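To convert, note that position 345 of the sequence shown is 388 in the numbering used here; the numbers rise steadily by one, no gaps. Cβ atoms here follow ideal geometry from the backbone N, Cα and C, with glycine treated the same way. Predicted, not measured: the structure shown is a model, and the values here were computed from it.
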Amino acid sequence: MNKPPSSLHEERLAAAVEHAQQKVAAGERALIEVFIREYYRQVDPDDLAARSADDLAGAALSHWELGRVRAPGAPRVRVFSPTAAEHGWAVRHTVIEVVNDDMPFLVDSATMEANRQGLTMHLRVHPVYAVERDPAGALTGLWPRGDRPQATRESWMHIEVDRLVEPEARARLAAGIERVLGDVRAVTADWKQMLARLIDVVSELDGKVPEGAQAELAESRGFVEWLAAGNFLLLGYRRHDLVTENGEDALRLVPDTGLGVLRESGEEKVSGSFAALPKQARAMARLPTPLVILTKANARATVHRPGYVDYIGIKRFADDGRVIGEHRFLGLLTSTAYSARVIDIPLLRGKVAAVITRAGLAPDSHLGKALVQILESYPRDELFQIGADELYDNAMGILRLGERQRLRLFIRRDPFERFVTCLVFVPRENYGTDLRIKFQDILMKAFAGTSREFDVLLTDDILARILFTVRTTPGEVPEVDRHELEAALAAAARRWEDELAEALIEAEGEGNGTAWFKRWQRAFPGAYRERTAPRAAVADIRKL
Numbered sequence: 044m045n046k047p048p049s050s051l052h053e054e055r056l057a058a059a060v061e062h063a064q065q066k067v068a069a070g071e072r073a074l075i076e077v078f079i080r081e082y083y084r085q086v087d088p089d090d091l092a093a094r095s096a097d098d099l100a101g102a103a104l105s106h107w108e109l110g111r112v113r114a115p116g117a118p119r120v121r122v123f124s125p126t127a128a129e130h131g132w133a134v135r136h137t138v139i140e141v142v143n144d145d146m147p148f149l150v151d152s153a154t155m156e157a158n159r160q161g162l163t164m165h166l167r168v169h170p171v172y173a174v175e176r177d178p179a180g181a182l183t184g185l186w187p188r189g190d191r192p193q194a195t196r197e198s199w200m201h202i203e204v205d206r207l208v209e210p211e212a213r214a215r216l217a218a219g220i221e222r223v224l225g226d227v228r229a230v231t232a233d234w235k236q237m238l239a240r241l242i243d244v245v246s247e248l249d250g251k252v253p254e255g256a257q258a259e260l261a262e263s264r265g266f267v268e269w270l271a272a273g274n275f276l277l278l279g280y281r282r283h284d285l286v287t288e289n290g291e292d293a294l295r296l297v298p299d300t301g302l303g304v305l306r307e308s309g310e311e312k313v314s315g316s317f318a319a320l321p322k323q324a325r326a327m328a329r330l331p332t333p334l335v336i337l338t339k340a341n342a343r344a345t346v347h348r349p350g351y352v353d354y355i356g357i358k359r360f361a362d363d364g365r366v367i368g369e370h371r372f373l374g375l376l377t378s379t380a381y382s383a384r385v386i387d388i389p390l391l392r393g394k395v396a397a398v399i400t401r402a403g404l405a406p407d408s409h410l411g412k413a414l415v416q417i418l419e420s421y422p423r424d425e426l427f428q429i430g431a432d433e434l435y436d437n438a439m440g441i442l443r444l445g446e447r448q449r450l451r452l453f454i455r456r457d458p459f460e461r462f463v464t465c466l467v468f469v470p471r472e473n474y475g476t477d478l479r480i481k482f483q484d485i486l487m488k489a490f491a492g493t494s495r496e497f498d499v500l501l502t503d504d505i506l507a508r509i510l511f512t513v514r515t516t517p518g519e520v521p522e523v524d525r526h527e528l529e530a531a532l533a534a535a536a537r538r539w540e541d542e543l544a545e546a547l548i549e550a551e552g553e554g555n556g557t558a559w560f561k562r563w564q565r566a567f568p569g570a571y572r573e574r575t576a577p578r579a580a581v582a583d584i585r586k587l
């Protein structure tokens with residue numbers, strides 16, 4: 044009879060404890076038992092069963108040795124590929140060991156860094172202990188985290204990834220993990236200050252916004268308050284002055300304002316990302332509107348989630364209404380920002396209301412309800428960034444597309460020319476990985492892209508939706524004819540069956556051709572389709 048998982052888990056833990064206690068001094072054995080039982084408490088029993096008790100004990104004791112001494116506020120990191128000959132225990136993978144003050148985002152961020160370096164995670168062990176250390180950082184006491192409320196909480200991470208043979212690769216991974224842990228610490232330490240700055244900005248806008256921007260003030264204030272109410276994970280903040288250097292607009296860092304991942308390095312004096320923009324894009328910084336800019340930064344987040352960072356730029360004004368700089372916040376919109384109804388989100392609700400009003404459709408009509416659904420389900424990042432006029436054109440285009448089985452392409456260019464988004468609708472039965480790769484290649488070539496991402500939505504609708512984001516070089520984005528590009532995508536999406544349907548209708552008329560296609564479309568094996576043109580297949584169908 045098979046033993047229950049809990050029984051197997053306890054047996055394997057007891058064996059690991061016994062092996063470990065044989066390798067430590069008698070005075071440490073009780074502490075080692077507490078350490079190992081908590082170490083493996085949340086690990087899947089199947090993962091424990093796959094390893095010998097000696098290897099489980101060896102992995103835990105290795106981590107124990109790393110964490111014996113740790114300076115306050117400083118992480119301990121080790122990356123190595125254990126072997127029985129050198130370490131007395133072994134696993135097939137490379138091991139990352141971390142001992143750090145417990146704080147949010149540690150595990151996600153460390154795993155993200157390993158993934159960024161092209162590594163797959165195979166096992167993660169993550170106990171959190173209550174610990175006490177002497178002034179030199181030596182461990183003097185350790186308990187399960189809930190047993191000692193007054194003690195310091197420490198996060199101990201054991202992560203196994205693809206085996207790295209080269210020492211240089213292991214050193215690179217260790218350096219990356221340490222860098223990410225530094226970012227996590229900076230974000231955690233500065234979070235309250237960044238939130239306070241975000242809240243202060245709201246009151247700072249009052250009384251300084253020029254007449255031409257007053258119409259935006261209420262919604263902009265509401266949006267910033269909405270961000271501060273748990274809808275934006277703050278990662279960094281800086282204040283910049285808008286100045287002229289060598290005849291060009293520049294954003295100069297205001298000293299001692301950097302927080303989180305934007306803490307000053309001592310080297311950067313002006314915003315390098317702003318300086319890289321085309322002149323016409325930099326000129327937008329002096330315009331009083333929009334008061335708040337939301338877009339995607341060029342860099343991926345190193346903390347919590349691997350997507351591109353959200354950039355919030357809020358204009359700063361002098362008493363006379365001139366734009367004198369910006370408040371720059373970097374972060375990530377939270378899951379609630381993506382799940383909330385658009386009518387509950389400042390800035391979005393006004394944009395969406397303008398589209399609905401302009402469309403002139405009765406709210407309770409079929410088309411009116413369909414338009415609302417299109418706007419609610421529109422890619423949320425796009426909805427935050429797109430202008431009302433462009434949103435109207437795209438939403439109405441999608442509405443007109445309806446249930447028609449045809450390909451449509453909607454293009455939006457980032458005003459700062461750092462990326463182009465391409466929203467593609469294609470018949471769902473045509474969609475697959477091979478077609479998506481073809482689309483990527485076509486779009487990358489069309490916009491001289493440097494990299495790309497995609498997001499696919501497959502529902503019960505007859506159309507699949509793919510959002511491609513093509514990263515571009517500012518000032519070097521080619522002009523593209525949308526109709527020509529759409530035709531190229533449509534050609535790539537055409538299947539043998541599509542051409543057969545067209546050939547049958549052309550040869551037999553729409554009525555007979557459609558009927559014949561429905562009858563015979565699945566009758567031809569792959570080998571036949573590979574060697575026979577669709578028009579030639581019409582003759583074979585006639586014979587049948």
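**Prompt:** For the segment 472-499, which segments carrying the alpha helix (DSSP H) assignment without a break, of at least 4 residues, lie completely within its bounds, in sequence order?
**Reply:** 476-489
**Message:** Bridge partners for residue 190 per DSSP, in chain order?
**Reply:** As DSSP reads the structure, residue 190 sits in no beta bridge.
**Prompt:** Identify the residues that DSSP records as bridge partners of residue 292: which are they?
**Reply:** In DSSP, residue 292 forms a bridge with 287.
**Burial state of residue 139 (16 or more Cβ within 10 Å)** = buried
**Item:** Simplified DSSP assignment, three categories, for residue 164
**Value:** strand
**Prompt:** Which residues bound the alpha helix (DSSP H) around residue 432?
**Reply:** 431-444
**Asked** Taking buried to mean at least 16 other C-beta atoms within 10 Å of its own C-beta, is residue 79 buried or exposed?
**Response** buried
**Prompt:** How many angstroms separate the CA atom of residue 54 from the CA atom of residue 99?
**Reply:** 12 Å
**Request:** Tell me whether the beta-carbon of residue 169 lies closer than 7 Å to the beta-carbon of residue 146.
**Result:** no
**Request:** Taking 7 Å as the cut-off, decide whether the C-beta atoms of residue 227 and residue 124 are in contact.
**Result:** no
**Prompt:** Okay, do the segment 515-526 and the segment 445-461 touch, 3+ Cβ pairs below 8 Å being the bar?
**Reply:** yes
**Message:** With the cut-off set at 7 Å, would you say residue 415 and residue 463 are in Cβ contact?
**Reply:** The answer is no: Cβ separation not under 7 Å.
**Request:** For my contact list, residue 230 and residue 303 are in at a C-beta cut-off of 8 Å; report their separation, rounded to the angstrom.
**Result:** 5 Å
**Request:** In angstroms with no decimal places, state the Cα-to-Cα distance between residue 568 and residue 584.
**Result:** 14 Å
**Message:** Is it buried or exposed, residue 44, if we count other Cβ atoms within 10 angstroms and call 16 or more buried?
**Reply:** Caution is warranted here: a pLDDT of 48 is assigned to residue 44, below 50, making its placement in the model unreliable, and the coordinate value is therefore given only provisionally. So residue 44 counts as exposed.
**Request:** Note the first and the last residue of the continuous alpha helix (DSSP H) segment covering residue 155.
**Result:** Where residue 155 is concerned, the enclosing alpha helix (DSSP H) stretches over 149-159.
**Request:** Output the boundary residues of the alpha helix (DSSP H) element that contains residue 339.
**Result:** Counting along the chain, residue 339 falls outside any alpha helix (DSSP H), though it belongs to the beta strand (DSSP E) covering 335-343.
**Request:** Whole angstroms is fine: what's the gap from residue 447's alpha carbon to residue 469's?
**Result:** Rounded to whole angstroms, residue 447 to residue 469 spans 10 Å at the Cα level.
**Request:** Have a look at 535, 102 and 254 and flag the residue whose alpha-carbon is nearest the alpha-carbon of residue 475.
**Result:** 535
**Nearest candidate by alpha-carbon position, reference residue 305, set 405, 232 and 246** = 232
**Request:** Check residue 453 in the structure and name its three-state DSSP category.
**Result:** strand
**Every unbroken beta strand (DSSP E) within the segment 496-528, with a cutoff of 3 residues, ordered by chain** = Within the segment 496-528, the complete beta strand (DSSP E) runs of at least 3 residues are 506-514.
**Asked** From what residue to what residue does the beta strand (DSSP E) around residue 144 run?
**Response** 137-144
**Request:** Going by CA-CA distance only, name the one from 413, 421, 70 and 157 that's closest to residue 443.
**Result:** 413
**Prompt:** Can you name, in chain order, every residue of its own chain whose Cβ lies under 6 Å from the Cβ of residue 364, other than the five neighbours on each side?
**Reply:** 253
**Asked** Looking only at C-alpha atoms, which of 275, 358, 495 and 575 sits nearest to residue 260?
**Response** 358
**Close beta carbons around residue 114, own chain, < 8 Å, minus the five adjacent residues each side** = 180
**Asked** Count the other CB atoms within 10 Å of the CB of residue 428; is the residue buried (16 or more) or exposed (fewer)?
**Response** Label assigned to residue 428: buried.
**Request:** Ignore the nearest five residues each way along the sequence and tell me which others in residue 97's own chain have a CB closer than 7 Å to its CB.
**Result:** 62 and 132
**Request:** Can you check DSSP and say which residues form a bridge with residue 306?
**Result:** Beta-bridge pairing by DSSP links residue 306 to no other residue.
**Residue ranges of each beta strand (DSSP E) within the segment 190-247, 3 or longer** = 195-204
**Prompt:** Which of helix, strand or coil does DSSP assign to residue 66?
**Reply:** coil
**Request:** Determine which residues share a DSSP beta bridge with residue 469 and list them.
**Result:** 507
**Request:** Would you be able to state if there are at least three C-beta pairs under 8 Å between the segment 276-293 and the segment 386-398?
**Result:** no
**Request:** Decide if residue 31 is buried, meaning its Cβ has at least 16 other Cβ atoms within 10 Å, or exposed.
**Result:** Nothing about residue 31 can be reported from this structure: the residues present for the chain run from 44 to 587 only.
**Message:** Just list the residues that DSSP pairs residue 350 with in beta bridges.
**Reply:** BP columns for residue 350 are empty, so no partner.
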